[in-house]
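Asks: Residue numbers (my numbering): 36 to 350.
Backbone N, C-alpha and C fix where the C-beta goes; we use that ideal spot for every residue, glycine too.
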């Protein structure tokens with residue numbers, strides 16, 4: 036379930052509006068923090084509505100715990116983003132309870148996030164091959180776009196927001212390099228593998244010109260376009276990934292899993308962690324180090340091959 040695909044229950048919406056006024060007027064929060072609160076709470080409200088809680092007073096702790104799980108398993112958010120969502124929920128419901136808007140605070144007993152450590156999931160190279168090759172001509176005229184998108188996300192470790200934001204000028208067709216704009220508008224250069232570049236060239240030649248014909252005043256310089264010639268939004272990226280996963284018979288797939296698998300497979304192949312950090316656009320090497328858990332067999336083989344005491348055993 037993607038909470039953004041439906042509407043917010045009216046009573047819940049009013050409660051969120053009241054809290055946002057409080058946060059803006061009385062707390063003096065920055066515009067970025069207010070935007071994050073608003074997005075998190077709207078998504079929460081929609082999800083709670085689908086679970087039968089049309090008002091904040093109908094929300095239970097189990098519902099909130101389910102929402103947190105949803106953020107990780109369905110939305111594929113990283114631990115830091117989930118921590119932010121949880122902090123927003125705790126502040127929101129504490130304020131509602133303190134102002135007599137709800138009878139009890141369902142977020143009060145939720146586990147504090149400071150002890151959480153979630154390791155990223157990953158797919159095998161074989162599963163990734165099935166996933167990126169799932170779109171076929173039988174799927175209709177957009178199969179080349181879908182295939183190009185999946186290939187780029189796996190070949191270059193792109194986030195859903197990054198792949199949708201790529202512009203034609205970001206692709207260096209001679210050197211097969213992408214200029215990627217990531218979090219905080221930070222830019223990085225990422226190589227594109229030959230298989231991904233080949234399918235991207237086919238899409239640009241055979242499919243994109245047809246999509247760009249549609250009369251739309253929005254940005255037409257994006258690489259990936261919708262069926263109506265508009266920039267491909269994050270929700271559409273989600274839908275394409277989910278559709279490919281169903282066709283490939285793989286469960287639990289979300290867009291960020293392609294990025295996890297990209298990093299995991301590079302680690303397993305012996306790539307330097309600093310290089311992976313640069314490719315992913317991580318500011319902190321500690322964020323990248325989480326991927327070193329994924330192939331312990333590779334790490335054991337490395338020790339067996341290079342550690343002096345291990346070498347002595349085979350001498």
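Going by DSSP, what residues sit across from residue 213 in a beta bridge?
Replies: Walking along the chain shown from the start, residue 213 turns up at place 178. Looking at the DSSP assignment, residue 213 forms a beta bridge with 206 and 225.
Asks: Starting from the C-beta of residue 271, find all residues in its chain whose C-beta is less than 7 angstroms away, skip the five residues before and the five after it, and write them out in chain order.
Replies: Translated into the one-based positions of the chain shown, residue 271 becomes position 236. Same-chain partners within the cutoff: 261.
Asks: Touching or not, the segment 202–220 and the segment 282–295, by the rule of three or more beta carbon pairs under 8 angstroms?
Replies: no
Asks: Report yes if the CB atom of residue 285 is closer than 9 angstroms to the CB atom of residue 119, and no otherwise.
Replies: Taking the chain shown and counting its residues from 1, the one referred to as residue 285 is at position 250. Taking the chain shown and counting its residues from 1, the one referred to as residue 119 is at position 84. For residue 285 and residue 119, no; Cβs fall outside 9 angstroms.
Asks: Give me the Cα-Cα distance between residue 181 and residue 60, rounded to the nearest whole angstrom.
Replies: As a working mapping, residue 181 is identified with position 146 in the chain shown. As a working mapping, residue 60 is identified with position 25 in the chain shown. Within the model, the alpha-carbon separation for residue 181 versus residue 60 is close to 44 angstroms.
Asks: Unbroken alpha helix (DSSP H) runs of length 4 or more, entirely within the segment 266–310: which are they?
Replies: 269–283 and 290–303
Asks: Kindly identify the DSSP beta-bridge partner or partners of residue 145.
Replies: Here residue 145 corresponds to residue number 110 of the chain shown, with the count starting at 1. Partner(s): none; residue 145 has no beta bridge.
Asks: Going straight from the alpha carbon of residue 236 to that of residue 198, what length do you get?
Replies: In the chain shown, counting from the first residue as 1, residue 236 sits at position 201. In the chain shown, counting from the first residue as 1, residue 198 sits at position 163. About 15 angstroms.
Asks: Apply the 10 Å Cβ neighbour rule to residue 191 and answer buried if 16 or more other Cβ atoms are within range, or exposed otherwise.
Replies: Here the question's residue 191 lines up with position 156 in the chain shown. Burial call: buried.
Asks: Could you compute how far the alpha carbon of residue 153 sits from the alpha carbon of residue 185?
Replies: What you label residue 153 is simply residue 118 of the chain shown in a count that begins at 1. What you label residue 185 is simply residue 150 of the chain shown in a count that begins at 1. With a pLDDT of 48 at residue 153, under the threshold of 50, the modelled position of that residue is not reliable, and no figure is offered here.
Asks: What did DSSP end up calling residue 166 once you bin it into helix, strand or coil?
Replies: Residue 166 sits at position 131 when you count from the first residue of the chain shown. In this structure, residue 166 counts as helix in the three-state DSSP scheme.
Asks: Are residue 279 and residue 172 closer than 9 angstroms when you measure CB to CB?
Replies: Taking the chain shown and counting its residues from 1, one reaches residue 279 at position 244. Taking the chain shown and counting its residues from 1, one reaches residue 172 at position 137. No, the Cβ-Cβ distance between residue 279 and residue 172 is not below 9 angstroms.
Asks: Below 8 angstroms on the Cβ atoms is my contact criterion, and I expect residue 48 with residue 89 to pass it. Report the Cβ-Cβ distance as a whole number of Å.
Replies: On the chain shown, residue 48 is found 13 positions in, with the first residue counted as 1. On the chain shown, residue 89 is found 54 positions in, with the first residue counted as 1. That belief does not hold up - the Cβ atoms of residue 48 and residue 89 are roughly 10 angstroms apart, past 8 angstroms.
Asks: Here's the rule: buried if 16 or more other CB atoms are within 10 angstroms of the residue's CB, otherwise exposed. What is residue 138?
Replies: Numbered from 1 along the chain shown, position 103 holds the residue referred to as residue 138. It counts as exposed.
Asks: So, for residue 150: in the same chain, excluding its five sequence neighbours on each side, which residues have a beta-carbon less than 6 angstroms away from its beta-carbon?
Replies: One-based indexing of the chain shown puts residue 150 at position 115. Caution is warranted here: a pLDDT of 40 is assigned to residue 150, below 50, making its placement in the model unreliable, and no coordinate value can be reported.
Asks: To the nearest angstrom, how far is it from the Cα of residue 1 to the Cα of residue 219?
Replies: Given a span of 36 to 350 for the chain in the structure shown, any question on residue 1 remains unanswerable.
Asks: Does the separation of the CB atoms of residue 163 and residue 276 fall below 9 angstroms?
Replies: Here residue 163 corresponds to residue number 128 of the chain shown, with the count starting at 1. Here residue 276 corresponds to residue number 241 of the chain shown, with the count starting at 1. Their beta carbons are not under 9 angstroms apart, which means residue 163 does not touch residue 276 by this criterion.
Asks: Have a look at 121, 201 and 297 and flag the residue whose alpha-carbon is nearest the alpha-carbon of residue 71.
Replies: For the purposes of this step, residue 71 is identified with residue 36 of the chain shown, where counting begins at 1. Per the Cα distances, 121.
Asks: Quick one: give me the first and last residue of the alpha helix (DSSP H) that residue 60 is part of.
Replies: Sequence index remark: in the chain shown, residue 60 carries index 25 (1-based). Unbroken alpha helix (DSSP H) run through residue 60: 45–60.
Asks: Excluding five sequence neighbours on each side, which residues of the same chain lie with their C-beta closer than 7 angstroms to the C-beta of residue 124?
Replies: Here the question's residue 124 lines up with position 89 in the chain shown. Result list for residue 124: 79, 99 and 142, in chain order.
Asks: Cα separation between residue 196 and residue 317?
Replies: Against the chain shown, residue 196 aligns to sequence position 161. Against the chain shown, residue 317 aligns to sequence position 282. Residue 196 and residue 317: Cα-Cα distance of roughly 15 angstroms.
Asks: Consult DSSP for residue 201 and reduce its assignment to one of helix, strand or coil.
Replies: Looking up residue 201 in the chain shown gives position 166. Coil at residue 201, not helix or strand.
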